[in-house]
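Take 332 as the starting number for the sequence shown in the numbering used here and just add one per residue.
Just so it is clear, CB atoms sit at the ideal spot from N, CA and C, and this is done for glycine as well.
See below for the structure under consideration.
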Amino acid sequence: MTTRNVLRLYTAAKRRAGIHKRGGIHALRHAFATHLLETGTDLLTIQRLLGHGHLETTARYLHVSRRSLTAQVSPLDRPDSNQAVAGVGDARPVVVGDGGTQ
C-alpha cells in the first residue's frame with residue numbers, strides 16, 4: 332500500500348466520521364502514542380509500536396499531558412504506603428535477578 336493510498340483512506344474515514352478538524356496521519360500517530368502513554372503503556376512498547384530505532388526518538392516525540400501528570404499519586408500517599416518498602420530499614424539485601432531460581 333502506498334503512502335498516497337493510506338492518505339486517501341484516512342481522509343475518507345475522517346469525512347465519513349464527520350471530523351472536520353485539521354490534522355493528518357502524523358497527528359493520528361501522535362494521538363495514538365499519547366493515549367498509550369497516558370494509559371500506562373511503557374515507553375519501550377510504544378517505541379516498538381511506532382518503529383523507532385532509538386528510545387530517545389520516542390521520548391522526544393511524545394509529550395506527557397498535564398492531566399496525566401496531576402493524576403499521578405505518589406507511592407507514599409497510597410493507602411498501603413504504611414507497609415515497609417523492601418530494602419529500606421531492614422538488613423536483608425534486595426536481590427534483583429533474571430527471573431530464574433536462586
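Cβ shell of residue i (< 8 Å), same chain only, five flanking positions each side left out
i	result
I377	A364, L367, L368, T389, L393
G371	none
Coil, strand or helix - residue i by DSSP
i	result
D408	helix
R353	coil
Sequence-distant residues of the same chain with beta carbon closer than 7 Å to residue i, five excluded per side
i	result
D408	none
D373	none
R391	none
R347	none
K345	none
T338	Here the sequence assigns Leu to residue 338, which means Thr is not the residue at that position. The answer, listed in chain order, is I356.
Start and end residues, alpha helix (DSSP H) containing residue i
i	result
K345	334 to 348
L357	Here residue 357 is His; the residue named in the question, Leu, does not match the sequence. Counting along the chain, the alpha helix (DSSP H) containing H357 begins and ends at 356 to 369.
T372	T372 -> no alpha helix (DSSP H), and no H or E assigned at all.
Cβ neighbours of residue i in the same chain (closer than 6 Å, five flanking residues each side left out)
i	result
I356	Y341
Residue i at chain D interface by Cβ criterion, 9 Å
i	result
T334	The chain labelled as chain D is not found in the depicted structure, where only one protein chain is given.
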